[in-house]
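Residue numbers (full-length UniProt numbering): 1 to 264.
A virtual CB, placed ideally from N, CA and C, is assigned to each residue, including glycine.
This report refers to the structure that appears directly beneath it.
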Amino acid sequence: MSSSHTALLLPVDWDRPWLAPWRESGERVALAIDGGAAFHEALNREPGAPRRFVPQSALSAGQAYEQFIFDAGSVPTRDNLHDFFNGLCWLRFPLTKAKLNQLQAAEIAAAGVAPLRGPVRDALTVFDENAALLSAPQPLWDALLDKDWRRLFIDLRPLWQQAQLLLFGHALLEKLVYPRKPVTAHVYRAQTAMKSIANLDAWVAQDLSAEKLAGKPFAPLPVLGVPGWWPENENFSFYDDSLVFRPLQESRTTKNSGRAAGAT
């Protein structure tokens with residue numbers, strides 16, 4: 001294993017609050033890579049891996065990545081941060097990742113691999129790459145859907161102690177290796193207590209459906225605005241940046257602003 005592969009993981013700061021759910025397995029895999037294992041080999045060493053991780057070369061040119069995973073039960077894996085976090089997602093959320101893959105394969109079977117993916121396959125990609133799971137009191141959820149940022153992050157700040165937020169998307173986790181204020185998650189409402197990762201994994205896998213995803217059940221959340229997640233947001237002027245904390249479009253009513261994102 002080249003030193004460049006080890007260097008890829010050096011910027012990962014496991015003390016970041018959003019990496020807490022990923023730290024245990026992430027540090028083990030990173031240690032194996034540091035010891036000379038390829039990324040796919042390091043992931044395969046984790047106990048109970050739900051899929052086998054294989055080199056990217058196993059994926060033939062022109063073959064759909066999602067279809068390959070569904071047919072072969074193997075995940076092509078490159079030696080980079082993106083696939084490192086994707087592998088961790090498979091390890092920690094095996095049921096959810098399998099459900100996403102099942103839905104992706106069904107869409108490919110129905111419509112083929114086309115330049116235009118369609119609303120369901122688009123939503124599946126958004127979830128897989130950029131979703132965050134939020135369990136929160138209703139006032140927080142309403143403020144999020146309304147993009148009422150001052151209410152969400154300042155007026156209701158104490159309520160965040162009752163909220164649970166987990167970043168799921170592997171591209172989102174990759175972006176936050178180098179945190180930037182504009183990094184925004186697509187939040188999916190978890191209407192269950194996050195008692196454990198296994199509990200949450202089972203709930204999300206059961207909740208996901210093509211019909212629900214077609215309705216775009218997401219709400220945007222600038223991640224570094226979350227109380228306790230970034231020191232600069234202790235100064236409330238942090239939220240005055242309208243290029244990041246964008247107001248709700250006037251043309252969208254409260255009813256149409258995404259209330260369905262919280263529906264079961």
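Taking residue i as part of the alpha helix (DSSP H), name the residues at either end of that continuous run.
i: A163; result: It is not in any alpha helix (DSSP H) - A163 carries neither H nor E in the DSSP assignment.
i: S25; result: R23 to D34
i: T125; result: P119 to N130
i: V204; result: I197 to D207
i: T96; result: P94 to A111
i: F39; result: F39 to N44
Please go through the same chain and pick out, in chain order, the residues whose beta-carbon is closer than 6 angstroms to the beta-carbon of residue i, but skip the five residues on each side of it.
i: E174; result: L81, H82 and F85
i: R78; result: Q56
i: Q63; result: none
i: V204; result: T96
i: P200; result: As written in the sequence, residue 200 is Leu, which differs from the Pro given in the question. So the list reads M194, once near-sequence residues are dropped.
i: L221; result: A185 and V187
i: V126; result: H186
i: T253; result: Residue placement at T253 is flagged as unreliable, the pLDDT there being 43, under the threshold of 50; the coordinate-derived value follows with that caveat. Nothing listed; no residue qualifies.
i: G169; result: E129, N130 and A131
i: L59; result: F68 and P76
i: R45; result: A32
If I'm right that residue i touches residue j with Cβ under 8 angstroms, what's the distance once you round it to whole angstroms?
i: N130; j: L172; result: 5 angstroms
i: R92; j: P21; result: 7 angstroms
i: K181; j: V244; result: 5 angstroms
i: L134; j: L165; result: 5 angstroms
Tell me whether residue i is buried or exposed, calling it buried when 16 or more other Cβ atoms sit within 10 Å of its Cβ.
i: L208; result: buried
i: A109; result: exposed
i: A198; result: exposed
i: N233; result: buried
i: N101; result: buried
i: W149; result: buried
i: W18; result: buried
i: R51; result: buried
i: N235; result: exposed
i: L10; result: exposed
i: G118; result: exposed
To which residues of the same chain is residue i closer than 7 angstroms at the C-beta, ignoring the five residues directly before and after it?
i: K97; result: C89 and W90
i: Q104; result: E66, R121 and L124
i: L156; result: P139, L140 and A143
i: A263; result: Low confidence applies here, because A263 scores a pLDDT of 41, under 50, leaving its location unreliable; read the following figure in that light. Excluding positions up to five away in sequence, the list is empty.
Which stretch, first to last residue, makes up the beta strand (DSSP E) that contains residue i?
i: L189; result: Here residue 189 is Arg; the residue named in the question, Leu, does not match the sequence. Its beta strand (DSSP E) spans residues T184 to R189.
i: L221; result: A219 to P222
What residues in its chain sit with their C-beta under 8 angstroms from that of residue i, if we drop five residues either side in the sequence?
i: G228; result: P17 and W160
i: E107; result: R117, G118, V120, R121, L124 and A210
Could you tell me whether the Cβ of residue i comes closer than 8 angstroms to any Cβ of chain D?
i: D15; result: Considering every chain present, this structure includes no chain D. It has just one protein chain.
Just checking, does the stretch 189-205 make contact with the stretch 25-36 on the three C-beta pairs under 8 angstroms criterion? no
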